[in-house]
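Colleague: Before anything else, here's the structure in question.
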Amino acid sequence: MPTLTCQQIVTNARRLLRDNDPDGDFAHSDEVLLGWLTEGYTDMVILKPSVNTVIETFQLQPGVEQTLPDGGVIPIRGISNMGADGAIRGNVFTLADSKALYRGFPDWMLHTADGSVQHVLPSPTPTSFQVYPPQPDPAHFVALEYSAIPAEPADINALISVDDEYAPALTNYIVHRALSEDSDHPANREKATMFHEKYLQLLGAKAQQEMASSRRTS
Numbered sequence: 007m008p009t010l011t012c013q014q015i016v017t018n019a020r021r022l023l024r025d026n027d028p029d030g031d032f033a034h035s036d037e038v039l040l041g042w043l044t045e046g047y048t049d050m051v052i053l054k055p056s057v058n059t060v061i062e063t064f065q066l067q068p069g070v071e072q073t074l075p076d077g078g079v080i081p082i083r084g085i086s087n088m089g090a091d092g093a094i095r096g097n098v099f100t101l102a103d104s105k106a107l108y109r110g111f112p113d114w115m116l117h118t119a120d121g122s123v124q125h126v127l128p129s130p131t132p133t134s135f136q137v138y139p140p141q142p143d144p145a146h147f148v149a150l151e152y153s154a155i156p157a158e159p160a161d162i163n164a165l166i167s168v169d170d171e172y173a174p175a176l177t178n179y180i181v182h183r184a185l186s187e188d189s190d191h192p193a194n195r196e197k198a199t200m201f202h203e204k205y206l207q208l209l210g211a212k213a214q215q216e217m218a219s220s221r222r223t224s
């Protein structure tokens with residue numbers, strides 16, 4: 007759970023930018039930096055979906071093509087079927103590769119509709135996915151874990167919407183965006199690139215830690 011506030015992230019970013027006017031006459035306003043912080047949430051979730059995930063029970067749509075709830079980006083893990091009313095936990099389903107399904111069943115989209123999902127097929131298009139078999143009308147409910155864009159902070163004193171361990175990456179993203187705005191100066195372009203690479207490195211290092219942890223516990 008996060009314990010750091012957006013103000014703390016903005017303050018750290020200002021320190022790296024050397025934007026520390028004692029009278030508060032900053033080169034970049036709180037509003038601007040908070041906007042880049044929010045932008046950073048979206049970028050982080052796209053690059054590393056596990057940064058922010060949600061488990062939700064929701065009703066599917068008739069047929070194959072499905073849409074994640076508002077703010078959803080990609081499916082992460084199937085939890086279970088939840089029946090016609092969303093209240094009865096049923097069989098577990100898995101994420102699958104659509105290419106493998108096509109190889110085994112080229113006509114799978116034409117198969118008989120069934121409310122019990124066997125596979126969820128992630129789509130190259132964010133926010134959408136497919137299910138097998140097709141859903142009947144009315145469609146049934148599923149419980150699904152998916153990556154989601156965090157909500158915008160109410161104000162600068164709000165807690166950040168990702169775990170504290172992602173705070174350094176978020177700070178580097180804000181600094182990268184601030185320097186990119188001043189990219190008329192060659193030195194700022196170089197610094198912007200450096201902070202963006204650091205941001206990516208921090209996310210990558212975190213991904214490697216998660217993979218190692220998964221291997222140890224599997």
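The numbering used here numbers the first residue of the sequence shown as 7 and each following residue consecutively. Even for Gly, the Cβ is constructed at its ideal location relative to N, Cα and C.
Within 10 angstroms of its Cβ, does R183 collect 16 or more other Cβ (buried), or is it exposed?
Modeller: It is buried - the Cβ of R183 has at least 16 other Cβ atoms within 10 Å.
Colleague: Please determine, among Q72, A19, G96 and G92, the residue with the shortest C-alpha to C-alpha distance to V126.
Modeller: The residue with the shortest Cα to Cα distance from V126 is Q72.
Colleague: Between the C-alpha atoms of L40 and T199, what's the straight-line distance to the nearest angstrom?
Modeller: Roughly 20 Å separates the two Cα atoms.
Colleague: Specify the secondary structure class of S104 as computed by DSSP and reduced to three states.
Modeller: Helix, per DSSP.
Colleague: Using 10 angstroms around the beta-carbon of S122, count the other beta-carbons present and answer buried if the total reaches 16, otherwise exposed.
Modeller: Exposed, since its Cβ has fewer than 16 Cβ neighbours within 10 Å.
Colleague: Give me the Cα-Cα distance between H34 and M115, rounded to the nearest whole angstrom.
Modeller: About 52 Å.
Colleague: Spell out the partners DSSP gives L165 in its beta bridges.
Modeller: DSSP output for L165 lists T11 as bridge partner(s).
Colleague: Beta-carbon within less than 7 Å of S186's beta-carbon, same chain only, minus the 5 sequence neighbours each way: which residues are those?
Modeller: Within the same chain, S186 has close Cβ partners A198.
Colleague: Could you check if T118 is buried or exposed, using at least 16 other CB atoms within 10 Å of its CB as the buried criterion?
Modeller: Counting Cβ neighbours within 10 Å, T118 comes out exposed, since fewer than 16 surround it.
Colleague: Helix, strand or coil for T59 per DSSP?
Modeller: Strand, per DSSP.
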